[in-house]
Amino acid sequence: MSEIINKTFRTNTKDVNYVNRDFTSLKQQLIDFTKQYYPLSYRDFSESSPGQIFIEQAAYVGDVLSYYTDQQFLESFIQFAVDRRNIINSAKFLGYKPKVSSASSTDVDIFQLIPSIQTTNNEYIPDERYALILRPFTQLSSISGVNFIVEESVDFTQDTLFSPREISVFNRDATGAPQFFLLKKSTKAYSGTTVTKQVSVNAATPFLSIKLDETNVLKVVSVVDSNNNNYYEVDYLAQDTIPLKVDNVPLTNQTLSKYRGETPKILKYLRTEKRFVTTIDENNFTYIQFGANTENFENTIVVPNPTNVGVALSNLKNLNISLDGTNILKSNSYGVSPSNTTLTITYIIGGGINSNVNSGDIRKISATSFQNDTTSLTDSEISLLNNVKNSLRVNNNEASTGGDDAESDEEIRQNAMLNFSSQNRMVTQDDFLLRVYALPPDLGNVAKAYVQSNLTQQVTYNGLVSGITTINNNLNVDLNPINPLDRRKFLESNNPFTNNLYLLGYDANKNLTTINQATLQNLITYIKNYRILTDKINIIDGFIINIGVEFKISVFQGFNKRDVLNNCIQSVKSFFEIDKWSFNQPINLSQLNFEIMKVEGVQSVTDIKVKNLTIDDGNYSPIAYNISIATQNNIVYPSKDPSVFEVKYPNSDIKGLVV
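Residue numbering for the sequence shown follows my numbering, starting at 8 and increasing by one per position.
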């Protein structure tokens, strides 16, 4: 190609200027060109000359062509594109799916009445046989006419840290014994309405696309064909594994089901060819697109190679044939296209700026279904259960927020560029932490996380890898358990791609503890899709340093000493709330002193002591830590071994005295 161009330039004896692009410069160049090469043929270049018509028409055509060339070039870049269709297509290319609508959300309280039952100790407790289990996608309605949906199941039988249940007496009989209790569960509700659409599909079509009728589709819930086969939504059609959340029950996993209270779901992956993607167009309509396969291929991943790309190249003898480079699309690597069936598509519509409602506006449960087992109940008990179902009520104490209309062109542009730069990959330390904290709550909870790269010294602690080094400022203080466990030297790791991920969770009392095996398995399954191939991750138990606090204060005259002391204790409790503490966070005693001094009535803080509490002192962590050596310049430094300071029992571990 370059030889042809060079040859053309060499044979061109006329001087042509290629930099002129607008009408004025093109016109002047044509006039100069005519004067130079046709001086005897045409000489009248006045504005009234008939020849000017042809010159200006040529300049006009050149100007228009130049404009559209520039415009099309700019439209190919998302940062310069103006046409919404081009912006959306560029966003798709960068891996971002624009939003046609955003749902508002809020926390709602759902109430039910439950009859009481008398125990052998003559105590009255709720009769758990009548605790309701609401299936997912309970539908709510508000006074303002906006519909809401509770996507998760609401289980009144569960009372855990991550799904607490509040119990209060609703009414009593003449003797004062409770007749009914009131149960309350809090959950998240999103604005939206469930819509079901049936589509008949005849002969199989590669990359079949189905258009939905609404322009505010929030989510496709399910796609099921006539044979009850489910199709699953994926990010791209080449994705052949689908993340699924299954109930953590003995039927699913006998070993991990004992952690159901803390980890109600187990994350698994399903490999299937029945999948689809959703896309939108410039008019905010949503399309469901299926795979390319229209034949009965074996359900395996097809890797392009000389035997399946084009034709069987290993047996190729005649080169004068047509090669089909798209035959790898006709496999289940890109999913199957449904044929000769009826698809039932369930999706959610709604959202928008008008979906934001005031507090107390969500008052009605418009539709729900239950999972309660009634096989062991009598007719009278089933009748009572139905009355309990009718007692369901709902309310939102806070206004719903987050509802918004379709993204503007500029919002799509900025979000797409942000999405491309992050690419959902764990690269930086913040990427690791954000991904770990983004683990869905029903898969378990990670309370504290810390990432440390390429430790040079490692030991085995309770079956997990943990580093042992000195604390900040090179103080020679190590973490040593009171009752040493099996700890031995571990080989040094010189792998620069090794990342040690230290984790801690909460128990039922919101005290720090190691995460359970069910949560650990879910986390490993969850982050492996975001981990870079060459990265190695060691998941390690973090260290817990339990502490107690003792302080002395003096009080101004005229103030009640007991009230002032109680307020100071509450201030210290607030200072050491575990949600405020993270790995390797030091204790600033000056700041703690300031928090106590802010309490009304405190004249001075005469003394503050922080002491380490271990298993010798009660039900505490086995980690011993020398607080006195670790304290410098009124700051208690933590160990370089990832550890968290915790006041485990604030009511007993925080003590104050008025002097």
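Note that CB positions come from ideal geometry on N, CA and C, so glycine has one too.
Predicted, not measured: the structure shown is a model, and the values here were computed from it.
- Between Pro171 and Gly102, the alpha-carbon positions lie close to 38 Å from each other.
- When DSSP reads this structure, Leu101 sits in no beta bridge, so it has no partner.
- Going by beta carbons, Phe652 and Ile594 fall inside the 7 Å limit.
- Under the three-state reduction of DSSP output, Ser32 falls in the helix class.
- Only residues of its own chain outside the window of five on either side were considered, and among them Val654 have a CB closer than 6 Å to the CB of Phe583, listed in chain order.
- Residue range Thr248 to Asp254 is occupied by the beta strand (DSSP E) that includes Val253.
- Non-local beta-carbon contacts of Gln436 in its own chain, meaning distances under 6 Å to residues more than five positions away in sequence, involve Val458 in chain order.
- Annotated three-state conformation of Arg172 is strand, per DSSP.
- Only residues of its own chain outside the window of five on either side were considered, and among them Ser108, Gly359 and Ile360 have a CB closer than 7 Å to the CB of Asp412, listed in chain order.
- Of the residues assessed, Thr408 falls on the exposed side of the cut-off, its CB having fewer than 16 other CB atoms within 10 angstroms.
- Contact between Val161 and Leu141 holds, with the beta-carbon distance rounding to 4 Å and staying under 8 Å.
- Taken through DSSP and simplified to helix, strand or coil, Ile150 comes out as coil.
- Per DSSP, the beta-bridge partners of Thr285 are Ile295.
- Sequence-distant Cβ neighbours of Phe377 in its own chain, meaning closer than 7 Å and more than five residues away, are Leu139, Ile140, Leu141, Arg142 and Lys396.
- A distance of 7 Å or more separates the beta carbons of Tyr509 and Gly451.
- For Asn236, the closest alpha carbon among the candidates Ser149, Val343 and Glu221 is that of Val343.
- Annotated as distal: Ile603 and Ser635, with beta-carbon spacing of 7 Å or more.
- Taking a cut-off of 8 Å on C-beta distances, the segment 531-547 does not touch the segment 636-646, as fewer than three cross pairs fall below it.
- Counting only runs of at least 3 residues, the segment 521-583 fully encloses the following beta strand (DSSP E) elements, listed from N- to C-terminal order: 543-548 and 550-562.
- DSSP places Thr638 within a strand segment (E or B) once states are collapsed to three.
- Taking C-beta separations shorter than 8 Å and ignoring five residues to either side along the sequence, the partners of Asn234 in its chain run Thr348, following chain order.
- Proximity of the segment 239-250 to the segment 392-406 falls short of the contact definition, fewer than three beta-carbon pairs being nearer than 8 Å.
- Here Arg432 carries a coil assignment [DSSP, helix/strand/coil].
- Spanning the alpha carbons of Phe187 and Ile174 requires a straight line of approximately 10 Å.
- One thing to note: Tyr75 has its Cβ no nearer than 7 Å to the Cβ of Val228.
- Inter-segment contact for the segment 604-616 and the segment 566-574 is present: three or more beta-carbon pairs are separated by less than 8 Å.
- By the 16-neighbour rule on beta-carbons within 10 angstroms, Asp648 is buried.
- Tyr341 counts as buried, since no fewer than 16 other beta carbons sit within 10 angstroms of its beta carbon.
- Thr349: member of the beta strand (DSSP E) spanning Thr348 to Ile356, first to last residue.
- Here DSSP, grouped into helix, strand and coil, assigns Asp232 to coil.
- Exposed is the label assigned to Arg432, since fewer than 16 other Cβ atoms lie within 10 Å of its Cβ.
- DSSP places Asp660 in the uninterrupted alpha helix (DSSP H) bounded by Pro657 to Asp660.
- As the crow flies, the alpha-carbon of Tyr137 is around 9 Å from that of Leu120.
- When C-alpha distances from Arg278 are compared across Thr248, Thr621, Pro122 and Ser597, the shortest belongs to Thr248.
- Going by C-alpha positions, Asn516 is about 7 Å away from Leu168.
- Rounded to the nearest whole angstrom, the C-alpha separation of Pro185 and Asn128 is 15 Å.
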